[in-house]
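Trainee: The following block contains the structure, expressed as structure tokens.
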Amino acid sequence: MPINYISTRGDAPTLDFEGVLLAGLASDGGLYVPERLPQFSMGQIRGMRSMDYPSLAFEILQPFVEGSIDNEDLRRLIDGAYASFRHDAVAPLRQLDTNQWVLELFHGPTLAFKDFALQLLGRLLDFVLERRQERVVIMGATSGDTGSAAIEGCRHCQYIDIFILHPHERVSEVQRRQMTTVNDSNVHNLAVKGNFDDCQAMVKSSFVGAGFLPEDRSLVAVNSINWARIMAQIVYYFYAAVALGGPDRAVNFSVPTGNFGDIFAGYLARSMGLPIDQLVIATNRNDVLHRLLTSGEYARRSLEHSISPSMDITVSSNFERLLFDLYDRNGTAVQGLMQAFQGGAIQLSESAMTRARSLFSSCCVSDDETCEEIGRVWRQCAYMLDPHSAIGTFAARDSRQSGGNPMVTLATAHPAKFPAAVAASGIAEEPALPPHLADLFARPEKFTVLPNDLDAVQRYMVETIPT
Ligand SMILES: *Cc1c(COP(=O)(O)O)cnc(C)c1O
């Protein structure tokens, strides 16, 4: 029986996988979640030990897409997505200490874990669009990692034109060049003379009034609320756990967290039968989730810029998916909470908080602690962490409840993406870009500078897309 998808606010049409792939937000403002989760027995999970990454991905993802994508097609799309990774294991484990491990999720084309989802998402979209004989426009705003991962995921797609807005002269040079040196004709980098919030506001307004596009085009979002992105991230939790003795011993994960997409995938893996003991939410000073677990209050605060910019958020958009489960999948309750949250803060019920605390632990890590951690791991293990991953290993040690189980930190980015943070940690050696990006600074760039003006951006898009 195919899995259907329902909205967290309980008042939007139920969709199949193809529908949810093309949908962004549900029409009631909620996020789509699967109506039920596939379950894997201990025996089935043991059987995953001998599988390579694409084979395992097929096992995990097939039930989610059943009815929309045939097995052979799915297998081909998965193989293509992970063939673009530069390590044969796709997601290799590295040991730092007794029972302390790092899962390297940065061997994809853009050196951050977002490639795991976006390499697959681009291929899934192109596949269903070809079948429907439709073209779409993807529009997104980025302050860093998401933009380049989305561009790499879509650059070879025949049925997609992608427009990524970044704040002109306000993203790091590595991150900008990873976007602007892609020269495929369907890729459009727009440097907006404003800040990231301006870019994001333009994208939001464009989705509300998508009528600015020609009639035969619709607008698709690839931000982290897209269900297919979450789904793809479930796979590596299984992959790491079975490599470390799962399911016959439980494994802990520490996850550098921003929008709560990555760690929510870990929560789903556990709900699908994988024995996971601790799931640690590791945050920088933008610690809305840590404060929630500590106080029971979910409250927005102003943004603080940190040395781990991909986790600089004020609210975690995917948290609504967890709320739905914490409130027994009662869409009306979630609707009410999210409405009340417009005021900036909500208090969760006693029973929701008891449940949340039994599912997650949390730790907030300062910039100073992050630098100390990068330096410490470098001195003790000769291993270089990026600032996001260092928040993860710090939190892993700080939050550990017992030493018996392996603790796996998700290494979400390659240190060469964040050379300033590495230098600030007192490491003299510069983190080198891997060979496929070694000439990044010599490649020609292509981008268009536009004023901070919605009409100008939309006009540019309409004039640029092929008819
Ligand atoms: C996006 C990102 C994160 C945060 O992931 P979420 O799914 O938003 O919680 C952490 N580290 C890096 C390097 C990222 O790019």
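Numbered by this note's numbering, the letters in the sequence shown go through residues 1 to 467 in order. All C-beta atoms, glycine included, are put in the ideal place defined by N, C-alpha and C.
(1) If you scan the segment 424-453 from start to end, which runs of the alpha helix (DSSP H) of 4 or more residues do you find wholly inside it?
(2) To the nearest angstrom, how far is the alpha carbon of LYS193 from that of THR467?
(3) Please find out if some non-hydrogen atom of ligand 1 comes closer than 7 Å to the beta-carbon of ASP19.
(4) Any heavy atom of ligand 1 within a distance shorter than 7 Å of the CB on GLY468?
(5) Grab me the residues of THR448's own chain with a C-beta within less than 6 Å of its C-beta, minus the 5 sequence neighbours each way, in chain order.
(6) Kindly examine ligand 1 and report whether one of its heavy atoms sits closer than 7 Å to the Cβ of ILE263.
(7) Quick one: residues in its chain with C-beta nearer than 6 Å to the C-beta of GLN100, no 5 flanking neighbours on either side, listed in chain order?
(8) Would you kindly check if the distance between the Cβ of PHE116 and the Cβ of MET139 is under 8 Å?
(9) If you drop the 5 nearest sequence neighbours on each side, which residues of the same chain put their C-beta closer than 8 Å to that of GLY344?
(10) Tell me whether MET311, by its Cβ, gets closer than 7 Å to a heavy atom of ligand 1.
(11) Is ALA232 near ligand 1, judged by its Cβ being under 7 Å from some heavy atom?
(12) Which of helix, strand or coil does DSSP assign to LEU359?
(13) Any heavy atom of ligand 1 closer than 7 Å to the CB of SER224?
(14) Please check the pair ILE225 and LEU25, which I expect to be a contact at CB under 8 Å, by giving their CB distance rounded to whole angstroms.
(15) Between which two residues does the alpha helix (DSSP H) carrying TYR239 extend?
(16) Any heavy atom of ligand 1 within a distance shorter than 7 Å of the CB on ASP287?
(17) Select from ASP88, ASP386 and SER185 the residue whose C-alpha is nearest the C-alpha of ARG155.
(18) Compute every distance between the C-beta of THR409 and the non-hydrogen atoms of ligand 1, then say whether any falls below 7 Å.
(19) Tell me the DSSP bridge mates of PRO34?
(20) Spell out the partners DSSP gives VAL136 in its beta bridges.
(21) Once DSSP output is grouped into helix, strand and coil, what is the label at TYR267?
(22) Give me the Cα-Cα distance between PHE196 and ILE313, rounded to the nearest whole angstrom.
(23) Kindly list the residues whose CB is nearer than 6 Å to the CB of ALA150, restricted to its own chain and excluding five residues on each side of it in sequence; keep chain order.
(24) Flag this pair as yes or no: are the beta carbons of GLY43 and SER7 separated by less than 8 Å?
(25) Of all the options SER84, VAL208 and PHE85, which has the alpha carbon lying nearest to the alpha carbon of ASP499?
(26) State the Cα-Cα distance for the pair VAL136 and ALA201, rounded to the nearest angstrom.
(27) Could you tell me if the beta carbon of HIS305 falls within a distance shorter than 7 Å of some heavy atom in ligand 1?
(28) Mind checking whether LEU61 and LEU74 have CB atoms under 8 Å apart?
(29) Checking the sheet assignment: what are the DSSP bridge partners for CYS364?
(30) Please report the distance separating the alpha-carbon of ARG176 from that of ASN252.
(31) Under 7 Å: does the beta carbon of THR412 sit that close to some heavy atom of ligand 1?
(32) Would you say PHE113 touches ligand 1, meaning its beta carbon is less than 7 Å from a heavy atom?
(33) Once you ignore the five residues that flank GLU445 on each side, which residues in its own chain have a CB closer than 7 Å to its CB?
(34) Among residues of its own chain, excluding the 5 on either side of SER205, which ones have a beta-carbon nearer than 8 Å to its beta-carbon?
(35) Which one or two residues does DSSP pair with ASN99 in a beta bridge?
(36) So which of LEU124, PHE40 and GLN458 has the shortest CA-CA distance to GLU72?
Mentor: Judging by the given coordinates:
(1) none
(2) 28 Å
(3) According to the sequence as given, residue 19 is Gly; it is not Asp. The answer is no for GLY19.
(4) Only positions 1 to 467 of the chain appear in this structure, which leaves residue 468 out of reach.
(5) LEU190
(6) yes
(7) MET407
(8) no
(9) ALA299 and ARG300
(10) yes
(11) no
(12) helix
(13) yes
(14) 7 Å
(15) 227-243
(16) no
(17) SER185
(18) no
(19) TYR5
(20) ILE160 and SER218
(21) helix
(22) 12 Å
(23) LEU118, GLY140 and VAL222
(24) no
(25) The displayed coordinates of the chain run from 1 to 467. Any statement about residue 499 would go beyond what the structure contains.
(26) 20 Å
(27) no
(28) yes
(29) THR283
(30) 35 Å
(31) yes
(32) yes
(33) ARG177, THR180 and THR181
(34) LEU454
(35) Note: ASN99 sits in no beta bridge, so no partner.
(36) LEU124
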